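Visitor: Going down the list, the sequences are from chains Z and P.
Heads up: the first sequence at position 65 corresponds to 65 in full-length UniProt numbering, and the numbers run straight through without jumps.
Heads up: the second sequence at position 243 corresponds to 243 in full-length UniProt numbering, and the numbers run straight through without jumps.
Glycine included, each C-beta is placed from N, C-alpha and C at the ideal position.
For clarity, every value in this text was computed on a predicted model and none was experimentally measured.
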Amino acid sequence: MENLAGNSSPPRSRWRKVAYGGMQPGYDDNHTDESFLEGMVMNASVVKRDMLKVMLDSVSISEYLCIVALVVLVWTYTLGSTLDENSLLFIDASLLVSESTVKAPGVMKNPALTSCISVNASVVASVFIASRLPSRLHVFAIMLFSLQVFLFAPLVTYCIKKYSFRLHLCFSISLMAMTLSFVYMLHRLLFVLLLSLLVFVNIVCPYWLIKIQEYKFEINGPWDEAKLCFDITD
Amino acid sequence: MTGGLKVYYVPWRPFIMQNTFPTIYGLLPIMRTILIRERITIVHGHQAFSTLCHEALMHARTMGYKVVFTDHSLYGFADAGSIHMNKVLQFTLADVSQAICVSHTSKENTVLRSGLPPQKVFVIPNAVDTSMFKPAVERPSRSEIVIVVISRLVYRKGTDLLVEVIPEVCRLNPNVRFIIGGDGPKRVRLEEMREKHSLQDRVEMLGAVPHAQVRPVLVSGHIFLNSSLTEAFCIAILEAASCGLLTVSTRVGGVPEVLPDDMIVLAEPDPSDMVHAVQKAISILPSIDPQVMHNRMKELYNWQDVAKRTEIVYDHALKCSNQSTLERLSRYLSCGPWAGKVFCFVMMVGFLLWQLLELWQPADDIEEVPDVSFSHNCDEEMLQKNQWNEEE
Chain Z
1 MENLAGNSSP PRSRWRKVAY GGMQPGYDDN HTDESFLEGM VMNASVVKRD MLKVMLDSVS
61 ISEYLCIVAL VVLVWTYTLG STLDENSLLF IDASLLVSES TVKAPGVMKN PALTSCISVN
121 ASVVASVFIA SRLPSRLHVF AIMLFSLQVF LFAPLVTYCI KKYSFRLHLC FSISLMAMTL
181 SFVYMLHRLL FVLLLSLLVF VNIVCPYWLI KIQEYKFEIN GPWDEAKLCF DITD
Chain P
1 MTGGLKVYYV PWRPFIMQNT FPTIYGLLPI MRTILIRERI TIVHGHQAFS TLCHEALMHA
61 RTMGYKVVFT DHSLYGFADA GSIHMNKVLQ FTLADVSQAI CVSHTSKENT VLRSGLPPQK
121 VFVIPNAVDT SMFKPAVERP SRSEIVIVVI SRLVYRKGTD LLVEVIPEVC RLNPNVRFII
181 GGDGPKRVRL EEMREKHSLQ DRVEMLGAVP HAQVRPVLVS GHIFLNSSLT EAFCIAILEA
241 ASCGLLTVST RVGGVPEVLP DDMIVLAEPD PSDMVHAVQK AISILPSIDP QVMHNRMKEL
301 YNWQDVAKRT EIVYDHALKC SNQSTLERLS RYLSCGPWAG KVFCFVMMVG FLLWQLLELW
361 QPADDIEEVP DVSFSHNCDE EMLQKNQWNE EE
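1) Taking C-beta pairs closer than 8 angstroms, name the residues in chain Z that Glu257/P reaches, listed in chain order.
2) Can you have a look at Glu38/Z and say buried or exposed, based on whether 16 or more other CB atoms are within 10 angstroms of its CB?
3) Is any beta-carbon of chain Z found at less than 7 angstroms from that of Gln119/P?
4) Based on the DSSP secondary-structure assignment, which residues constitute the bridge partners of Met42/Z?
5) Does the CB of Ile232/Z have a neighbour CB from chain P at under 7 angstroms?
6) If you scan the stretch 95-171 of chain P from start to end, which runs of the alpha helix (DSSP H) of 4 or more residues do you find wholly inside it?
7) For Lys66/P, name the three-state secondary structure that DSSP assigns.
8) Identify the continuous alpha helix (DSSP H) that holds Asn86/P and give its terminal residues.
9) Might you give, ordered along the chain, the residues of its own chain that have their beta carbon closer than 7 angstroms to the beta carbon of Lys17/Z, omitting 5 neighbours on each side?
10) Given a cut-off of 7 angstroms, decide if Gly254/P and Thr62/P are closer than it, judged by their beta-carbon atoms.
11) On the criterion of 16 or more Cβ atoms from any shown chain inside 10 Å, does Gly81/P qualify as buried, or is it exposed?
12) Is Val224/P helix, strand or coil by DSSP?
13) Residues of chain Z with CB closer than 7 angstroms to the CB of Phe77/P, please, in chain order.
14) So what's Gly350/P in DSSP terms, helix, strand or just coil?
15) Verify the CB distance criterion: does Leu229/P have a CB-CB separation below 7 angstroms to chain Z?
16) Which bits of chain Z does Tyr314/P rub up against, with CB to CB less than 9 angstroms?
17) Could you tell me if Pro105/Z is buried or exposed, where buried requires 16 or more neighbouring beta carbons within 10 angstroms of its beta carbon?
18) What does the alpha-carbon distance come out to for the pair Glu299/P and Ile147/P?
19) Hey, is Phe122/P's beta-carbon within less than 7 angstroms of any beta-carbon in chain Z?
20) Note down, in chain order, each residue of its chain lying with its Cβ closer than 6 angstroms to the Cβ of Leu133/Z, except the 5 sequence neighbours on either side.
21) Straight-line CA distance for Lys269/P to Ala226/Z?
22) Could you tell me whether the Cβ of Asp33/Z comes closer than 7 angstroms to any Cβ of chain P?
23) Please look up how many angstroms separate the CB atoms of Ala241/P and Asn226/P, rounded, as I've assumed it's under 8 angstroms.
24) Which runs of the alpha helix (DSSP H), 4 residues or longer, sit entirely within the stretch 114-170 of chain Z?
25) Is it the case that the stretch 211-229 of chain Z contacts the stretch 106-113 of chain P, given that we only count it when at least three CB pairs across the two stretches are under 8 angstroms?
26) Quick one: what does DSSP say Gly45/P is sitting in, helix, strand or coil?
27) Can you check whether the C-beta of Gly336/P is within less than 7 angstroms of a C-beta belonging to chain Z?
28) Among Gln47/P, Val43/P, His44/P, Lys66/P, which has the Cα closest to the Cα of Gln323/P?
29) Need the endpoints of the alpha helix (DSSP H) that Phe178/P sits in, please.
30) What are the start and end residues of the beta strand (DSSP E) that includes Glu204/P?
31) Tell me, please, whether the CB atom of Cys116/Z is closer than 7 angstroms to any CB atom in chain P?
32) Classify Leu74/P as helix, strand or coil using the three-state DSSP reduction.
33) So is Trp208/Z buried or exposed if we call it buried at 16+ other beta carbons inside 10 Å?
34) Three-state secondary structure (DSSP) at Met17/P?
35) Among Trp303/P, Met132/P, Gly350/P, which residue has its Cα nearest to the Cα of Ala60/P?
36) Thr32/Z lies in the beta strand (DSSP E); which residues open and close that run?
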């Protein structure tokens with residue numbers, strides 16, 4: 001190539017960031033200058049989160065935790081002595097699974113798989129409880145109650161939140177206070193457990209989220225695959 | 001055996017799962033035999049997605065050979081798949097002597113993904129065989145403008161953009177016709193578009209086009225349309241330009257570096273901007289002479305130049321100082337708190353296996369191939385089928 005010979009020409013032409021035209025005279029192929037990585041953008045879409053905002057948002061989660069705890073309380077009072085400890089624990093455990101997914105507030109239009117699972121899990125837990133009950137009336141009562149709570153509680157809380165965020169906050173906080181006092185009356189250890197869970201969800205987790213935001217490292221640049229700006233309708 | 005090139009086929013089932021444990025070291029014995037038999041000095045691997053490449057480079061480093069790696073692909077940093085791939089790449093490149101990328105964008109991407117110092121990464125673009133891609137002897141008539149698209153019809157090649165762009169371009173220009181070569185899962189969408197807008201007589205779909213048939217398709221058109229969403233280099237554009245076509249392309253990856261501004265019309269990967277770019281290309285078409293374009297391409301790209309530049313990289317690699325195994329291990333260790341230890345372990349096992357092989361079949365016992373009467377030795381071991389033929 002003729003430009004290999006131009007190595008010694010004194011007026012060095014400016015290096016250009018192009019691939020055509022062979023080796024650029026006066027520059028090696030591994031030439032790196034300040035234009036290297038100039039198209040890189042770091043942390044372009046990272047949202048700065050506010051601690052208070054995250055804590056307020058996490059109230060919704062503890063709201064559902066309290067609803068589940070209240071339902072379990074009702075069951076326990078209904079069952080009284082007819083239930084032995086082991087099955088109670090088992091049901092609690094199965095409920096915990098359901099409870100972790102029971103919250104599906106925003107997805108009224110398009111129910112996701114997880115919300116179906118959560119409803120199913122809560123029904124299964126109710127049926128387990130109902131199997132231990134002495135009479136048909138009890139069974140129907142507890143099933144109706146559980147279904148009402150698990151199906152409609154998300155809807156109700158969603159509507160409250162939409163209506164007024166302040167109302168939602170008041171409702172959630174009173175719900176938490178109520179649940180805690182009821183649980184305190186029932187069992188000390190359960191009270192401590194619930195309290196620590198609520199503290200974890202409302203204070204530790206938001207703090208954690210804010211903390212690990214610092215480690216967020218997002219790189220964008222010309223090498224990224226372009227995103228289509230329209231919907232693909234198949 | 002043309003020009004001293006030898007191809008070894010590894011008797012190995014096709015890899016489906018990457019990085020299953022047995023295949024990490026499965027290649028070591030046969031690699032070692034080939035490297036010793038052929039008195040290899042440099043091992044050159046291609047393509048970040050090839051397990052064969054990664055394994056070959058790893059073993060070559062274990063045995064103390066100089067290693068060069070060429071990356072042809074761009075990769076993001078967002079999803080789980082790319083995080084995994086980037087770790088594998090980091091592992092392979094942690095100890096590579098020199099690396100080659102096909103464009104400056106590709107170099108930036110590779111440096112970021114692998115943590116190599118940028119001075120070790122050379123940019124050597126692909127080239128095009130201009131003698132194979134000549135413009136038509138007779139210039140196609142201007143009464144009708146033909147736009148050619150040749151690509152796999154998949155998401156990454158932007159077929160969905162074409163679905164939006166083609167009807168609009170046809171609506172604006174009654175004398176435009178499209179020829180689409182290529183096949184893929186998105187072909188159905190193009191066919192649907194053709195039905196919906198009744199463009200059967202204006203959009204011709206050829207299906208898969210074998211490489212030998214690409215030139216006849218290209219020279220029947222005036223404009224080449226590339227709609228890729230990501231592209232490290234894009235040889236298709238070179239082939240089209242070499243055939244004298246004006247290119248319209250999305251401004252993604254390394255595409256803006258490929259051709260001088262007056263030979264290509266770039267657009268954002270957005271339907272309205274692309275329609276705009278096609279309109280612009282149609283308006284400047286009368287000033288384009290295919291033969292002039294072809295002659296310019298001849299000056300801009302040729303494989304001999306690529307070979308020369310690659311040779312310089314090989315010289316650089318050979319000048320790299322030899323390192324002890326311990327030094328190399330420390331380099332792997334710095335790859336990450338967990339990954340570093342895993343890498344080190346993998347390398348140590350590889351090293352032990354190699355020592356075992358040395359005992360079991362000493363290097364002296366392996367017969368070296370006699371020199372065939374070539375004036376030069378072929379330094380490079382070409383194990384993959386899909387790579388260019390670089391002769392020294």
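Guide: Taking the geometry as given:
1) Lys17, Val18, Ala19, Tyr20
2) Around the C-beta of Glu38/Z, fewer than 16 other C-beta atoms lie within 10 Å, and the residue is accordingly described as exposed.
3) yes
4) Ile219/Z
5) Ile232/Z counts as touching chain P.
6) 104-114
7) strand
8) 80-93
9) Ser35
10) For Thr62/P and Gly254/P, no; Cβs fall outside 7 angstroms.
11) Flag for Gly81/P reads exposed.
12) It should be pointed out that residue 224/P corresponds to Phe in this sequence rather than to Val. Strand at Phe224/P.
13) Ile219
14) helix
15) yes
16) The contacting residues do not exist; Tyr314/P stays about 12 angstroms from chain Z at best.
17) Confidence is the limiting factor: at Pro105/Z the pLDDT is only 45, short of 50, which leaves the residue's position unreliable, though a coordinate-based value still follows. Buried: at least 16 other Cβ atoms inside 10 Å.
18) Approximately 25 angstroms between the Cα atoms of the pair.
19) yes
20) These residues qualify, in order along the chain: Val139.
21) Note that residue 269/P is Pro in the sequence shown here, rather than Lys. Those two C-alpha atoms are separated by around 7 angstroms.
22) no
23) Contact between Ala241/P and Asn226/P is absent: CB atoms are separated by about 11 angstroms, not below the 8 angstroms threshold.
24) The stretch 114-170 of chain Z contains these whole alpha helix (DSSP H) runs: 136-163.
25) yes
26) strand
27) no
28) Among Gln47/P, Val43/P, His44/P, Lys66/P, the Cα nearest to that of Gln323/P is on Lys66/P.
29) Taken as a continuous stretch (DSSP letters only), Phe178/P belongs to no alpha helix (DSSP H), being part of the beta strand (DSSP E) at 176-181.
30) 203-207
31) False, the Cβ-Cβ gap to chain P never drops below 7 angstroms.
32) coil
33) exposed
34) Here Met17/P scores only 47 on pLDDT, less than 50, and its place in the model should not be relied on; the value that follows carries that caveat. Reduced to three states, the DSSP call for Met17/P is coil.
35) Gly350/P
36) Thr32/Z -> no beta strand (DSSP E), and no H or E assigned at all.
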